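Below you'll find the structure, written out as structure tokens, and then a few comments.
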Amino acid sequence: MVEVREWSRADTVRLLRVPTAADDKYSRGVVAVRTGSNAYPGAAVLGVEAAWRTGAGYVRYVGEGRAADAVIARRPETVAAPDVGRTRVDAWVIGSGTDAANRTADEERMLRELLAGSIPVVVDAGALDLAIGATAPLLVTPHAGEFARLRETLGLNPAGSGDRAADAAETADALDAAVLLKGATTLIASPDGDVRAVSSAPAWLSTAGAGDVLAGVLGALIASRPDLPPADSAAAGAWLHGHAATLASGAGTGPGHPIVALDVAEAMPAAIEDLLS
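Below is the structure:
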């Protein structure tokens, strides 16, 4: 049986990086986001918004079409272009709001280049099928259905063993990457077998787009602390994501109320302030 450690508020506070007078936009972390599509432009908006709200110093959106237009309309600070040019990147976020079945050959080539590089990559949704064999430091973020498909592709039992922690650890080992398995209790497994559990989120967080926000949060935290293992940044990001949802929904002082994903991103600064106060 796999030992699981409950991730705490104190663990999260310890990993947050507070900028100093010596920082600039680059040293605070540069996040490049390649998510969304003409069919799902909102995923790009949510991920970019979350990266900014979590404290990234610089966010680049790499894409065109409706998604790029929507990102700039919502967050004009973002630099949007088909590539990053000469900009240094500290973390990539890919896959949210995309569909592997509709991926072009050029898109697949670019994603595979990222996954073969040295920059950490948060891999979500429509890019999960490309994670196998990647050499970049990875954090994959499947929900239950995506997790089953990923396991099947890895040659593992897609139904699992009935023990989510053991299955997450087995998948991380097979993939040689950190795995964040979403759920009411989110599990983060690292390839060395460590499993962390995060249960800070209210049930109101079960809403469309919440995963897109989480991906942006994770990208910002990884970019700000390149010295940390991806699994530690993932656990901190999942805890912070849940705490922001608690503040947005009012669930900390009562039953709370419905929220949408953008509410969670907008509550992120307050969640960080609360942790640091």
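Its first residue numbered -2, the sequence shown is counted upward by one per residue in the working numbering.
C-beta: ideal position from N, C-alpha, C; glycine also.
The structure presented is a predicted model; accordingly, all values stated were derived computationally and were not measured.
With C-beta atoms as the reference, is residue i less than 8 Å away from residue j?
{"i": "H238", "j": "L211", "result": "yes"}
{"i": "R14", "j": "P266", "result": "no"}
{"i": "G54", "j": "S24", "result": "yes"}
{"i": "A67", "j": "A41", "result": "yes"}
{"i": "V118", "j": "L111", "result": "yes"}
{"i": "V176", "j": "T168", "result": "yes"}
{"i": "A166", "j": "V192", "result": "yes"}
{"i": "A113", "j": "A131", "result": "yes"}
{"i": "D121", "j": "G208", "result": "yes"}
{"i": "A194", "j": "R2", "result": "yes"}
{"i": "L125", "j": "R109", "result": "no"}
{"i": "L12", "j": "L178", "result": "no"}
{"i": "S196", "j": "A228", "result": "no"}
{"i": "V86", "j": "I116", "result": "yes"}
{"i": "R148", "j": "G142", "result": "no"}
If you draw a straight line from the C-alpha of residue i to the C-alpha of residue j, how long is it?
{"i": "T243", "j": "L272", "result": "13 Å"}
{"i": "V214", "j": "G234", "result": "6 Å"}
{"i": "T101", "j": "A64", "result": "16 Å"}
{"i": "S246", "j": "G52", "result": "22 Å"}
{"i": "A171", "j": "N154", "result": "12 Å"}
{"i": "F144", "j": "L151", "result": "11 Å"}
{"i": "R161", "j": "L184", "result": "8 Å"}
{"i": "P252", "j": "L259", "result": "20 Å"}
{"i": "A19", "j": "V10", "result": "21 Å"}
{"i": "G123", "j": "M(-2)", "result": "31 Å"}
{"i": "G62", "j": "D103", "result": "15 Å"}
{"i": "V76", "j": "I69", "result": "8 Å"}
{"i": "G249", "j": "A268", "result": "12 Å"}
{"i": "Y276", "j": "G82", "result": "The requested residue 276 is not part of the displayed model; the chain covers only -2 to 274."}
{"i": "A174", "j": "A163", "result": "15 Å"}
{"i": "P16", "j": "E263", "result": "20 Å"}
{"i": "A78", "j": "V257", "result": "28 Å"}
{"i": "S274", "j": "H140", "result": "32 Å"}
{"i": "E0", "j": "M107", "result": "38 Å"}
{"i": "N99", "j": "G159", "result": "33 Å"}
{"i": "R146", "j": "D80", "result": "30 Å"}
{"i": "R71", "j": "W236", "result": "26 Å"}
{"i": "T84", "j": "V28", "result": "10 Å"}
{"i": "D8", "j": "V261", "result": "21 Å"}
{"i": "W4", "j": "E105", "result": "35 Å"}
Could you tell me if residue i is buried or exposed, where buried requires 16 or more neighbouring beta carbons within 10 angstroms of its beta carbon?
{"i": "P73", "result": "exposed"}
{"i": "G26", "result": "buried"}
{"i": "R57", "result": "buried"}
{"i": "S221", "result": "buried"}
{"i": "G206", "result": "buried"}
{"i": "P223", "result": "exposed"}
{"i": "D21", "result": "exposed"}
{"i": "P255", "result": "exposed"}
{"i": "G39", "result": "buried"}
Would a check of beta-carbon distances place residue i closer than 8 Å to chain C?
{"i": "D121", "result": "Although the question refers to chain C, the structure presented lacks it and comprises just one protein chain."}
Hey, is the stretch 36 to 47 in contact with the stretch 126 to 136, meaning 3+ C-beta pairs nearer than 8 Å?
no
Where are the alpha helix (DSSP H) runs, 4 residues long or more, that stay fully inside the stretch 112 to 151, in chain order?
141 to 150
So, do the stretch 25 to 32 and the stretch 85 to 100 have three or more beta carbon pairs nearer to each other than 8 Å?
yes
Any chance you could list the alpha helix (DSSP H) runs of at least 4 consecutive residues sitting entirely within the stretch 43 to 119, in chain order?
62 to 71, 102 to 112
Are three or more beta carbon pairs between the stretch 215 to 228 and the stretch 197 to 206 nearer than 8 Å?
no
Complete beta strand (DSSP E) runs within the stretch 6 to 49 (minimum length 3 residues, chain order):
Counting only runs of 3 or more, we get 27 to 31.
Runs of beta strand (DSSP E) wholly within the stretch 163 to 187 (minimum 3 residues, chain order)
Within the stretch 163 to 187, the beta strand (DSSP E) runs of at least 3 residues that lie entirely inside it are, in chain order, 175 to 178, 183 to 186.
Beta strand (DSSP E) runs contained entirely in the stretch 176 to 250, provided each spans 3 or more residues
183 to 186, 192 to 195
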